[in-house]
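Residue numbers (the UniProt record's numbering), protein chains in the order written: chain A, 1 to 334; chain B, 1 to 283. Cβ atoms here follow ideal geometry from the backbone N, Cα and C, with glycine treated the same way. Computed from a prediction, not measured in an experiment: that's the story for all the values here. These notes concern the structure reproduced below.
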Amino acid sequence: MSSIRMTLAGMSGIAGVKANDTFASWLKRMTQTLGLPLIGLLVFLFIWQVGAKQIDTSLGQFPGPTQVYEQANALISEHFNERERESAFYERQEQRNAERVAKDPDYVPKIREYTGKPTFFDQIGTSLVTVLAGFAIAALIAIPLGICIGLNGALYSALNPIIQLFKPVSPLAWLPLVTMVVSAAYVSDDPLFAKSFLTSLFTVSLCCLWPTLINTAVGVSAISPDLQNVSKVLRLNWLTHVVRIVLPSSVPMIFTGLRLSLGIAWMVLIAAEMLAQNPGLGKFVWDEFQNGSSDSLGRIMVAVLVIGLIGFLLDRVMLLIQRAVSWDKNAITR
Amino acid sequence: MAAHLELTDVSIEFPTPKGAFKALDGVNLKIERGEFVSLIGHSGCGKSTVLNIVAGLHQATTGGVVLDGREVNEPGPERAVVFQNHSLLPWLTAYENVELAVRQVFKGKKSKAEMKAWIEHNLELVHMTHAIHKRPDEISGGMKQRVGIARALAMEPTVLLMDEPFGALDALTRAHLQDSLMEIQNELNNTVIMITHDVDEAVLLSDRIVMMTNGPAATVGEILKVELPRPRDRIALADDPVYNHCRHQVLRFLYEKQRKVQPLDSRRPKGQAGTDAKARKQA
Ligand SMILES: Nc1ncnc2c1ncn2[C@@H]1O[C@H](COP(=O)(O)OP(=O)(O)O)[C@@H](O)[C@H]1O
Ligand SMILES: [Mg+2]
């Protein structure tokens with residue numbers, strides 16, 4: 001009898017420990033995944049709020065979290081107001097045209113474009129399109145070229161000095177050259193793309209080409225000699241060798257390069273837009289700076305946060321693509 | 001009549017920063033069709049180099065290899081290689097790894113369905129049917145080696161070359177694979193050259209054992225014929241006088257005639273060598 005009771009007590013004791021244990025480990029996990037980042041964020045917001053009060057500029061006090069929140073809301077409502085005005089503009093036009101056609105059936109209605117100021121969100125859209133296009137061009141050049149360089153030692157030796165020379169060049173140095181070349185070369189009465197778009201695009205491509213190029217070349221030249229021997233024994237032709245052996249085995253390195261490139265592309269784009277006054281988030285920041293109202297600093301701060309957030313999201317998207325494409329699941333941790 | 005596979009006066013020099021390094025000097029070897037030959041010798045003597053020359057991955061500096069009356073001067077699937085560390089493409093499944101080879105060799109000769117059946121047949125030969133759609137990182141070392149063998153067999157090679165195929169495996173897995181290999185050899189009767197550093201493995205599997213002298217400028221030291229009837233059974237052989245005689249011959253070659261001479265100091269831990277020197281000085 002007593003032994004049974006003891007066993008029961010022992011069992012419940014063990015069960016209790018176990019439940020406690022899993023709860024404790026759950027709590028620990030939650031603290032680590034959610035709690036600590038949350039604490040970090042709160043501390044940051046606190047320091048920001050307190051610190052901002054200490055900084056006085058010619059445009060007034062440095063914006064704290066609350067002012068930035070207000071400005072974010074203001075930017076959102078401005079965007080919707082602008083959209084409403086735009087649709088109202090087109091509605092009025094249509095109405096007028098309909099009236100004129102009713103009076104005079106021969107009249108051919110004209111639609112005039114709405115020429116409102118681009119809102120914050122329009123600028124985000126412009127920047128995103130530009131960065132993705134510039135990045136795509138860079139990748140389309142860098143990956144094939146990187147494969148050729150990686151496969152061919154002589155080509156690598158020939159191109160290496162050029163790569164090393166151009167890799168560290170700042171976008172701001174390229175920008176005037178690109179601007180002049182685009183204006184000279186792209187002359188068309190009915191341009192498909194705006195010149196400013198092309199200037200930003202090529203500047204971004206030129207700057208973000210290098211990490212993908214170098215990483216692809218390194219990845220390709222580091223293919224294990226065993227796999228190369230397999231390819232030789234099977235007498236794979238050049239194309240099959242590249243498609244079946246070279247490309248898959250360098251996919252992890254190619255993606256490392258692509259992620260670096262996309263990060264650089266995003267940073268470069270904002271700087272280029274600012275300097276060249278090309279539409280996009282960079283221009284938004286510059287305009288607000290020139291505008292110099294008491295809200296400007298808050299609005300710039302919103303832009304800064306959005307730029308950071310978009311950069312982060314772009315990297316995450318690349319990571320998701322890498323996970324889906326790459327065979328080497330161990331290579332990707334963060 | 002000329003031999004099936006013949007190595008004549010094969011020598012090779014590797015260019016190194018310190019001048020040419022002569023790894024092999026005058027290797028002569030004749031191998032008959034269907035023969036199982038193993039190469040044994042101390043590590044670094046040049047076994048892989050011999051195999052790579054036969055495979056066409058290295059070019060002999062002088063001399064050459066003739067297979068069925070034709071000189072070997074480039075790699076090809078008729079001399080399939082099983083590499084020491086499996087060399088499977090990590091992004092392909094077992095099936096796809098074999099498929100890559102089969103597609104390459106039987107392009108235009110087999111239909112899609114025939115190829116599929118052939119791939120599956122070869123994976124079945126090495127007992128890998130259960131893990132046919134697994135990738136190399138999802139299977140054990142022994143299983144990877146099995147797939148590597150299936151890939152080589154699927155090319156229907158004239159000569160099968162194996163570079164320490166079981167070297168990286170534990171003893172139990174190795175025994176399993178040796179038995180599988182004997183089974184397959186019994187059925188297909190391939191010409192095989194296998195490198196090994198395991199004396200028992202050499203005696204168990206081979207018709208002849210080629211023992212190589214130490215490098216540099218290594219060459220064939222002795223050749224031993226293993227006159228044991230097939231099929232061979234590893235347990236029954238343990239007390240077989242012929243088996244033990246062969247074993248003894250190889251061991252004597254390796255550890256008496258070609259003893260690896262190593263400077264004594266390099267084996268001793270550094271600190272001890274220092275105290276020794278001091279002790280000697282005091283004495
Ligand atoms: N590509 C090469 N370049 C220079 N030396 C080499 C090369 N390949 C092999 N060697 C040398 O040739 C000798 C034989 O090597 P190897 O055939 O790999 O030996 P084993 O397979 O018997 O262990 C070694 O001393 C090795 O250093
Ligand atoms: Mg070797």
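Self-check item: 8 Å Cβ cutoff met for Arg208/B and Val220/B
Solution: Translated into the one-based positions of the second sequence, residue 208/B becomes position 208. Translated into the one-based positions of the second sequence, residue 220/B becomes position 220. A distance of 8 Å or more separates the beta carbons of Arg208/B and Val220/B.
Exercise. For Asp189/A, return the contacting residues in chain B, with the cut-off set at a CB-CB distance below 8 Å.
Key: The residue labelled residue 189/A in the question sits at position 189 within the first sequence. Chain B residues near Asp189/A: none, gap ~51 Å exceeds 8 Å.
Practice problem: Confirm, please, whether the CB-CB distance from Asn73/B to Asp226/A is below 8 Å. | Solution: Translated into the one-based positions of the first sequence, residue 226/A becomes position 226. Translated into the one-based positions of the second sequence, residue 73/B becomes position 73. Their beta carbons are not under 8 Å apart, which means Asp226/A does not touch Asn73/B by this criterion.
Quiz item: Would Val169/A be called buried (16 or more neighbouring beta carbons within 10 Å of its own) or exposed?
Solution: Here the question's residue 169/A lines up with position 169 in the first sequence. Val169/A counts as exposed, since fewer than 16 other beta carbons sit within 10 angstroms of its beta carbon.
Practice problem: Going by CA-CA distance only, name the one from Leu38/A, Phe284/A, Leu201/A and Leu42/A that's closest to Lys117/A. | Solution: Here residue 117/A is taken as the residue at index 117 of the first sequence, counted from 1. When only C-alpha atoms are compared, the closest one is Phe284/A.
Quiz item: Does the segment 42 to 56 of chain A come close enough to the segment 64 to 78 of chain A that 3 or more CB-CB pairs lie under 8 Å?
Solution: The segment 64 to 78 of chain A, when compared against the segment 42 to 56 of chain A, does touch it at the 8 Å Cβ threshold.
Quiz item: Taking all protein chains shown into account, do 16 or more other C-beta atoms lie within 10 angstroms of the C-beta of Asn28/B, making it buried, or fewer, making it exposed?
Solution: As a working note, residue 28/B is residue 28 in the second sequence. Counting the other CB atoms within 10 Å of its CB gives Asn28/B a total below 16, which places it among the exposed residues.
Quiz item: So is the beta-carbon of Ser140/B under 7 Å away from any non-hydrogen atom of ligand 2?
Solution: Here residue 140/B refers to the residue found at position 140 when the second sequence is read from its first residue. Not so, every heavy atom of ligand 2 lies at least 7 Å from the Cβ.
Exercise. Compare the C-beta of Tyr169/B with all C-beta atoms of chain A and state if any pair is closer than 8 Å.
Key: What you label residue 169/B is simply residue 169 of the second sequence in a count that begins at 1. According to the sequence displayed, residue 169/B carries Leu and not Tyr. By this cut-off, Leu169/B is not an interface position.
Exercise. Would you check if the segment 2 to 20 of chain B and the segment 163 to 183 of chain B touch, i.e. whether three or more CB-CB distances between them fall below 8 Å?
Key: Cβ pair count under 8 Å is below three, so no.
Quiz prompt | Contacts that Asn229/A makes with chain B (C-beta to C-beta distance below 9 Å) | solution = Position 229 of the first sequence, counted from the start, is the residue given in the question as residue 229/A. Result: Asn52, Ala55, Leu57, Pro75, Val81, Phe83 and Ser87.
Quiz item: Cα-Cα, which of Asp239/B, Glu256/B, Ser206/B and Ile223/B is closest to Gly34/B?
Solution: Working through the second sequence from its first residue, we reach residue 34/B at position 34. It is Ser206/B whose Cα lies nearest to the Cα of Gly34/B.
Exercise. Check the Cβ-Cβ distances between Arg244/A and every residue of chain B, and say whether any is below 8 Å.
Key: Along the first sequence, one-based indexing puts residue 244/A at 244. Yes - at least one Cβ of chain B is within 8 Å of the one on Arg244/A.
Self-check item: Continuous beta strand (DSSP E) stretch holding Asp163/B: start and end
Solution: For the purposes of this step, residue 163/B is taken as residue 163 along the second sequence, with counting starting at 1. First-last of the beta strand (DSSP E) with Asp163/B: Val159 to Asp163.
Self-check item: Distance, Gly141/B Cα to Ala117/B Cα
Solution: In the second sequence, the residue the question calls residue 117/B occupies position 117. In the second sequence, the residue the question calls residue 141/B occupies position 141. When rounded, the distance between both Cα atoms is 25 Å.
Quiz item: Distance, Cα to Cα, Leu75/A vs Arg299/A?
Solution: The residue given as residue 75/A occupies position 75 in the first sequence. The residue given as residue 299/A occupies position 299 in the first sequence. Cα-Cα distance, rounded: 8 Å.
Quiz item: Quick one: what's Val37/B bridged to in DSSP?
Solution: Translated into positions along the second sequence, residue 37/B becomes position 37. Partner(s): Ile193/B and Arg208/B.
Practice problem: Can you tell me the Cβ-Cβ gap for Pro171/A and Val268/A, rounded? I've got them flagged as a contact below 8 Å. | Solution: As a first step, residue 171/A is located in the first sequence; it is residue number 171 there, counting from the start. As a first step, residue 268/A is located in the first sequence; it is residue number 268 there, counting from the start. The C-beta separation of Pro171/A from Val268/A comes to about 4 Å, placing the pair in contact by the 8 Å criterion.
Quiz item: How big is the Cα-Cα spacing for Ser12/A and Ser25/A?
Solution: Walking along the first sequence from the start, residue 12/A turns up at place 12. Walking along the first sequence from the start, residue 25/A turns up at place 25. In this prediction, Ser12/A has a pLDDT of 45, which is less than 50 and means its spatial position is unreliable; what the coordinates show is noted afterwards. Whole-angstrom Cα-Cα distance: 20 Å.
Self-check item: Quiz: which residues have CB nearer than 5 Å to ligand 1 non-hydrogen atoms
Solution: So the residues near ligand 1 by this Cβ test are Phe14/B, Ala23/B, Ser43/B, Gly44/B, Cys45/B, Gly46/B, Lys47/B, Ser48/B and Thr49/B.
Quiz item: Can you tell which of Glu164/B, Thr191/B, Gly148/B and Asn214/B has the C-alpha that lies nearest to the C-alpha of Asp198/B?
Solution: The residue you call residue 198/B lines up with position 198 of the second sequence. Distance check between Asp198/B and each of Glu164/B, Thr191/B, Gly148/B and Asn214/B places Glu164/B closest, using alpha-carbon atoms only.
Quiz item: Which partner residues does Arg70/B have in the DSSP bridge list?
Solution: Within the second sequence, numbered from 1, the residue matching residue 70/B stands at position 70. Looking at the DSSP assignment, Arg70/B forms a beta bridge with Leu67/B.
Quiz item: Using 8 Å as the limit for Cβ to Cβ distance, is Leu100/B near chain A?
Solution: Here residue 100/B refers to the residue found at position 100 when the second sequence is read from its first residue. Closer than 8 Å to some Cβ of chain A, the Cβ of Leu100/B qualifies, so yes.
Quiz item: When DSSP builds the beta bridges, which residues end up paired with Asp328/A?
Solution: For the purposes of this step, residue 328/A is taken as the residue at position 328 of the first sequence. None; Asp328/A has no bridge partner.
Exercise. Kindly indicate if chain B contains any beta-carbon less than 8 Å away from that of Pro144/A.
Key: For this step, residue 144/A is matched to residue 144 along the first sequence. Pro144/A does not count as touching chain B.
Quiz prompt | Unbroken beta strand (DSSP E) run spanning Asp9/B, endpoints | solution = The residue you call residue 9/B lines up with position 9 of the second sequence. Leu5 to Thr16 is the extent of the beta strand (DSSP E) around Asp9/B.
Quiz item: Thinking C-alpha only, which one of Ile147/A, Ile254/A, Asp287/A and Gly134/A is nearest Leu206/A?
Solution: Mapped onto the first sequence, residue 206/A falls at position 206. Comparing Cα positions, the closest option is Gly134/A.
Practice problem: Reducing DSSP to helix, strand and coil, say where Glu256/B ends up. | Solution: Counting from one through the second sequence, the residue named residue 256/B turns up at place 256. Three-state result, Glu256/B: helix.
Practice problem: Determine the contact status of Ser250/A and Gly280/A, defining contact as a CB-CB distance below 8 Å. | Solution: As a first step, residue 250/A is located in the first sequence; it is residue number 250 there, counting from the start. As a first step, residue 280/A is located in the first sequence; it is residue number 280 there, counting from the start. In this structure, Gly280/A does not lie closer than 8 Å to Ser250/A by Cβ.
Quiz item: What residues in its chain sit with their C-beta under 7 Å from that of Val242/A, if we drop five residues either side in the sequence?
Solution: Start at 1 with the first residue of the first sequence, and residue 242/A comes out as number 242. Cβ within range, chain order: Ile147.
Quiz item: Mind pulling the chain B residues with CB within less than 7 Å of Leu258/A?
Solution: Position 258 of the first sequence holds residue 258/A. Simply none; closest approach about 18 Å.
Quiz item: Do you know offhand how far Leu175/A's Cα is from Lys110/B's?
Solution: Numbered from 1 along the first sequence, position 175 holds the residue referred to as residue 175/A. Numbered from 1 along the second sequence, position 110 holds the residue referred to as residue 110/B. Looking at the two C-alpha atoms, the distance is approximately 59 Å.
Quiz item: Which residues mark the beginning and the end of the beta strand (DSSP E) in which Asp25/B is found?
Solution: Within the second sequence, the letter at position 25 stands for residue 25/B. DSSP places Asp25/B inside the beta strand (DSSP E), whose first and last residues are Gly19 to Ile31.
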